[in-house]
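Q: Can you keep this structure in mind? I'll have questions shortly.
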Amino acid sequence: MEAIRGHVYRLKPTREQEVLLAQTAGVVRLVYNLALEQRRTWGGRPYGGGASRNFGARGMSGELSDLRKAFSWIGSVSQTAQNQALIDLDRAYANFFEGRAGYPKPRKRNVHDVFRHVGREISIRRLNSRWSEVRIPKIGWIRYRDCRTLRKMGDGRLNIRNATIRRVAGGGWEISIATRCEIAERPVPEACIGVDRGVAVPYALSTGQLEHLPGSVEKRDATIRRAQKQLSRRRRGSQRHAKARRRLARLKARDARARAHTAHVLARRLANEHGMVAIEDLRIRNMTRSARGTMEEPGKNVAQKAGLNRAILNVGWFGFERMLAYKLEESGGVLVKVPAAYTSQACAACGHVDAGNRDSQAIFSCTSCGAAANADVNAAKIILSLALDPDRYRRGSTPLLDVEGKAQAPCEASTRSLGERLDAVAWERENPGPSGPGRC
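Heads up, the sequence shown is in our numbering, so the first residue is 2 and it goes up one at a time.
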């Protein structure tokens, strides 16, 4: 199977090369913003010369050539990287008109310091067992730590599609090299496993294993809070403010790398050892939405909800799901998403569903059979059983609320156990509710 995979490496440029990298990123950002302003101002209007005007990447590439001739500092930067910025703008407008994203916005300094080259302009050579060099047009050969060999085609040929160079948080540069590679087929494992994502325990497996983030992430939290407080006391625009901002960015970047490393290692192990992995179908964007509300209807427990949102985003649920999806695709496995309802209330031993089963965040004690287990492991077993038998825990038309991580108890009482499943039509006939809409 052929696929395109990216490999990210940390660059080690010289001081002169750092200046050239920053200059290239600045010029590419300027070209993108000029094209955006031109398209936003004159797009859709009749051209004064009488001929139709194309504001796409192909139509504006000619104007870009004239701009490079007029300004030497723009012409000194690779034209390919500037053309790639115009292609990015075309893609941004296409995503906007097709409803996948909002209207394109200008790129900002220290936020969008990034540019891309096509693969035919990138060359790689290995120096020793640890270091390699990459040749970037108009900049030269830059060393990088070769911690992972680039994937190649079946005949051993290296097919580089493109290379993206970006400034990382806290300083420094990294390169992402996308290659077309051949993935060897192998037997798909028959084992299945369920994964429950949480806050106190980031990943709980149905086998009983609990995966935590590195201890350095929790220890660094207090340091990050002090750095944030220090940044808030600096005058915006001063050198001390910039220094404090870089320090905070470095601390958060370390957390991001540790979080990504943990997710990559776990996702790769699950994909290699299992043919099916089951997770909850979580609406993470809705779960982390602010509870601030409006002036007319202010929200409640805003500070508590903000803390829960930070804890959820700190674990990186969606990043783990994305990694697991493409790694399973490589190995021939499948990722199954099950509804999140009842997974924290159902007993994996007898199937009894009751909000009272969850005594606390960490302890699960069934009120029917008396089985006790870790709450997250029990939820992972329920997720796996739902993936294998989707109708196992189906209940009436008005489901229970999932109270995991909530401060309030469920507003509906539990009903009967798994062996006495409810028929929604019969239940509504015996227990008629109000004629109007709603849950009450």
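Note that beta-carbon positions come from the ideal geometry of N, C-alpha and C, so glycine has one too. Given the structure is predicted, the values throughout are model-derived calculations rather than measurements.
1) Looking at V378 and A192, is the spacing between their C-beta atoms short of 8 angstroms?
2) Apart from the five residues just before and just after F56, which ones in its own chain have a Cβ nearer than 6 angstroms to its Cβ?
3) Taking its Cβ as the centre, do 16 or more other Cβ atoms sit within 10 Å of S217, making it buried, or is it exposed?
4) For R162, which option in Y33, H8 and E274 has the closest C-alpha, if you only look at C-alpha atoms?
5) Assuming the contact rule is C-beta atoms closer than 8 angstroms, A259 and L214 should be a hit. Round their C-beta distance to whole Å, please.
6) I'd like to know if S239 contacts chain C, where contact means its C-beta is closer than 8 angstroms to some C-beta of that chain.
7) Output the distance between the C-alpha atoms of M296 and F319, rounded to the nearest integer angstrom.
8) Put V278 into one of helix, strand or coil per three-state DSSP.
9) Since A185 and S177 are thought to touch, with beta carbons under 8 angstroms apart, how far apart are those beta carbons, to the nearest angstrom?
10) Mind checking which residues open and close the alpha helix (DSSP H) that includes N1?
11) Among the residues of its own chain, which have a CB less than 8 angstroms from the CB of R110, if the five just before and after it don't count?
12) Is H118 helix, strand or coil when you go by DSSP?
13) Below 8 angstroms on the Cβ atoms is my contact criterion, and I expect Q12 with W174 to pass it. Report the Cβ-Cβ distance as a whole number of Å.
14) May I ask you to list the residues that DSSP assigns as paired with G294?
15) Can you tell which of S130, R158, F116 and K139 has the C-alpha that lies nearest to the C-alpha of C148?
16) With 16 as the cutoff for other CB atoms within 10 Å, does S239 come out buried or exposed?
17) Are there 16 or more other CB atoms within 10 angstroms of the CB of N302, so buried, or fewer, so exposed?
A: In short, the structure shows the following:
1) no
2) R40 and G44
3) exposed
4) Nearest C-alpha to R162: H8.
5) 7 angstroms
6) Of the chains in the structure shown, none is chain C; there is only one protein chain.
7) 31 angstroms
8) strand
9) Wrong, their Cβ atoms sit about 23 angstroms apart, outside the cutoff.
10) Within the shown structure, residues of the chain are numbered from 2 to 441, placing residue 1 beyond reach of any answer.
11) The beta carbon of R110 sits closer than 8 angstroms to those of G27 and R30, all from its chain and outside the five residues before and after it, given in chain order.
12) strand
13) Note on residue identity: the sequence assigns Leu, not Gln, to residue 12. With a Cβ gap of about 4 angstroms, L12 and W174 count as contacting.
14) P299
15) S130
16) exposed
17) Exposed, because fewer than 16 other Cβ atoms sit within 10 Å of the Cβ of N302.
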